[in-house]
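Novice:
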DNA sequence: CAAAATAATTGTATTATGCAACTTTCCCTT
DNA sequence: AAGGGAAAGTTGCATAATACAATTATTTTG
């Protein structure tokens with residue numbers, strides 16, 4: 172229809188599912204959208220994490236922490252393997268690695284088996300950093316996520332893992 | 172300890188919770204971190220959404236869709252109210268609005284009651300766009316999230332809503 | 001009426017993101 | 001063994017986001 176309705180395009184009320192209001196406002200179709208909740212949660216979680224790591228070399232952005240752990244745990248790992256875990260393309264991954272090499276937390280060598288490929292190694296500084304970051308992640312899980320009721324934690328985690336794994340399957 | 176262990180810093184195996192592997196790699200402490208799953212899901216969901224909206228005026232970034240719906244549903248809404256829903260600061264919100272005004276989808280007036288404040292209104296073009304975007308959101312929910320098993324959908328949605336609302340409560 | 005709170009903007013610095021084009025190296029088939 | 005195609009990374013380009021601090025203008029409060 173072309174008539175401009177002033178009435179919000181709301182979702183029908185569901186008896187067991189009261190609608191969501193934010194400061195008295197409803198959010199239209201987003202109220203029932205997985206994407207809205209995932210994206211909103213992400214924004215706040217990521218901001219919190221950035222602040223906790225503000226003075227570290229891996230602050231900001233989504234790939235550096237994972238890359239740090241992968242290189243720390245798997246000496247000689249290749250950028251393409253990292254890209255696969257990150258679900259990001261190689262340019263993006265390469266640039267993450269660039270910055271981490273520049274920060275002196277990892278080291279890049281040419282793979283001995285394959286001259287095209289690189290082998291990544293953690294530096295001492297990087298290893299120390301990884302330990303610090305593990306502490307920060309643990310702290311965030313305990314402090315930030317305290318709004319998840321204890322009785323919900325396991326269920327939510329199971330759910331997230333299942334959804335995540337299915338999503339990966341879809342994109343592999 | 173200062174000895175550099177080459178063995179991954181893995182989480183203890185949990186009988187009812189098999190560990191997560193990605194391409195044969197484990198992800199260290201992230202395996203048990205809410206933040207990892209939320210941030211990973213976000214990245215893929217957002218990329219998918221960006222692609223679906225690539226040729227529309229509200230592609231990319233996290234605030235524009237919500238802003239569009241809010242302005243469409245609440246004529247005269249103020250930027251600070253939008254910022255509150257977005258959980259973002261006013262500069263960020265202001266720039267989202269700038270771009271949407273430039274794109275001709277919303278219109279900015281000075282509020283009649285408060286000379287400091289603005290009142291936002293949807294344009295005809297913006298209203299049409301909102302309808303298109305509603306279609307895209309619906310399509311994404313159906314197509315992209317098909318990896319969520321039907322029997323999990325309700326539970327996951329309930330969980331997300333609860334977690335989201337608790338998170339908001341924490342930051343208000 | 002002065003001081004404090006509120007609404008929004010501007011400035012700055014950093015980072016991310018995706019895509020396409022390109023180089024080098026390896027692998028496999030003929 | 002040679003050549004085509006695949007794979008690993010890099011570079012270039014165009015957009016945009018993001019946070020934070022400082023500033024202007026207006027309104028409210030004491």
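Chains as they are written, first to last, in my numbering: chain A, 172 to 343; chain B, 172 to 343.
Just so it is clear, CB atoms sit at the ideal spot from N, CA and C, and this is done for glycine as well.
#1: Can you find a C-beta in chain B that's less than 8 angstroms from the C-beta of residue 260 (chain A)?
#2: So is residue 206 (chain A) buried or exposed if we call it buried at 16+ other beta carbons inside 10 Å?
#3: For residue 331 (chain B), which residues from the same chain have a beta carbon less than 6 angstroms from its beta carbon, with the 5 sequence-adjacent residues on both sides left out?
#4: Which residues, in order along the region 189-211 of chain B, keep a beta-carbon less than 8 angstroms from a beta-carbon of chain A?
#5: Would you please verify whether the beta carbon of residue 215 (chain A) is less than 8 angstroms from any beta carbon of chain B?
#6: Any Cβ of chain A within less than 8 angstroms of the Cβ of residue 296 (chain B)?
#7: Would DSSP call residue 274 (chain A) helix, strand or coil?
#8: Compare the C-beta of residue 332 (chain A) against all C-beta atoms of chain B and say whether one is closer than 8 angstroms.
#9: Quick check: the region 317-325 of chain B against the region 278-285 of chain B, are there 3 or more CB pairs under 8 angstroms?
#10: What is the rounded straight-line gap between the Cα of residue 224 (chain B) and the Cα of residue 269 (chain A)?
#11: Below 7 angstroms CB to CB, which residues in the same chain sit around residue 335 (chain B) once its five sequence neighbours on both sides are set aside?
#12: Cα-Cα, which of B:258, B:257, B:263, B:249 is closest to residue 287 (chain B)?
#13: I need the boundaries of the alpha helix (DSSP H) containing residue 290 (chain B), first residue and last residue.
#14: What is the rounded straight-line gap between the Cα of residue 211 (chain B) and the Cα of residue 199 (chain A)?
#15: Does residue 266 (chain B) come within less than 8 angstroms of chain A when only Cβ atoms are used?
#16: Contact between the region 295-303 of chain B and the region 252-269 of chain B is defined here as three or more beta-carbon pairs at a separation below 8 angstroms; is this criterion met?
#17: What does the Cβ neighbour count give for residue 259 (chain A), buried or exposed, with the cut at 16 atoms within 10 Å?
#18: Does residue 339 (chain B) get closer than 8 angstroms to chain A when you measure Cβ to Cβ?
#19: Within a Cβ cutoff of 6 angstroms, which residues of the same chain sit near residue 229 (chain A), ignoring the five residues on either side of it in sequence?
#20: Residue 314 (chain B) by DSSP, collapsed to three states: which one?
#21: Give the list of continuous alpha helix (DSSP H) stretches no shorter than 4 residues that lie fully inside the region 177-245 of chain A.
#22: Looking at chain B, is there any beta carbon in it that lies within less than 8 angstroms of the beta carbon of residue 323 (chain A)?
#23: What residue does the alpha helix (DSSP H) around residue 255 (chain A) start on, and which one ends it?
#24: Put residue 280 (chain A) into one of helix, strand or coil per three-state DSSP.
#25: Buried or exposed for residue 254 (chain B), please, with buried defined as at least 16 other CB atoms from any protein chain shown within 10 angstroms of its CB.
#26: Taking only beta-carbon positions, decide if residue 175 (chain A) is within less than 8 angstroms of chain B.
Specialist: The structure says:
#1: No, because no Cβ of chain B sits closer than 8 angstroms to the Cβ of residue 260 (chain A).
#2: When all chains shown are included, residue 206 (chain A) counts as buried.
#3: Non-local C-beta neighbours of residue 331 (chain B) in its own chain, meaning closer than 6 angstroms and more than five positions away in sequence, are absent.
#4: Listed by position along the chain: 191, 193, 194, 196, 197, 198, 199, 200, 201, 203, 204, 205, 206, 207, 208, 209, 210, 211.
#5: By the rule that beta-carbons nearer than 8 angstroms mark a contact, residue 215 (chain A) touches chain B.
#6: Cβ-Cβ to chain A under 8 angstroms: no for residue 296 (chain B).
#7: Three-state result, residue 274 (chain A): coil.
#8: It does: the Cβ of residue 332 (chain A) has a partner Cβ on chain B nearer than 8 angstroms.
#9: Between the region 317-325 of chain B and the region 278-285 of chain B there are fewer than three inter-stretch CB-CB distances shorter than 8 angstroms, so the stretches are not counted as touching.
#10: When rounded, the distance between both Cα atoms is 31 angstroms.
#11: Contacts found: none.
#12: For the residues B:258, B:257, B:263, B:249, the minimum Cα distance to residue 287 (chain B) belongs to B:249.
#13: No alpha helix (DSSP H) contains residue 290 (chain B), which is instead part of the beta strand (DSSP E) from 289-293.
#14: Cα to Cα, the separation comes out at about 25 angstroms.
#15: Closer than 8 angstroms: no.
#16: Short answer: they don't touch.
#17: The residue in question, residue 259 (chain A), is buried, as its Cβ has 16 or more Cβ neighbours within 10 Å.
#18: Yes, residue 339 (chain B) counts as interfacial toward chain A.
#19: 235, 236, 239.
#20: DSSP places residue 314 (chain B) within a helical segment (H, G or I) once states are collapsed to three.
#21: Taking 4 residues as the shortest admissible run, the region 177-245 of chain A contains the following complete alpha helix (DSSP H) segments, listed from N- to C-terminal end: 205-223, 235-244.
#22: A Cβ of chain B is located within less than 8 angstroms of the beta carbon of residue 323 (chain A).
#23: Start and end: 250-257.
#24: Strand at residue 280 (chain A).
#25: With a 10 Å radius around the Cβ and a threshold of 16 neighbouring Cβ atoms, residue 254 (chain B) comes out buried.
#26: At residue 175 (chain A) the pLDDT is 41, less than 50, meaning the model places this residue with poor confidence; the figure from the coordinates comes in the next sentence. Cβ-Cβ to chain B under 8 angstroms: yes for residue 175 (chain A).
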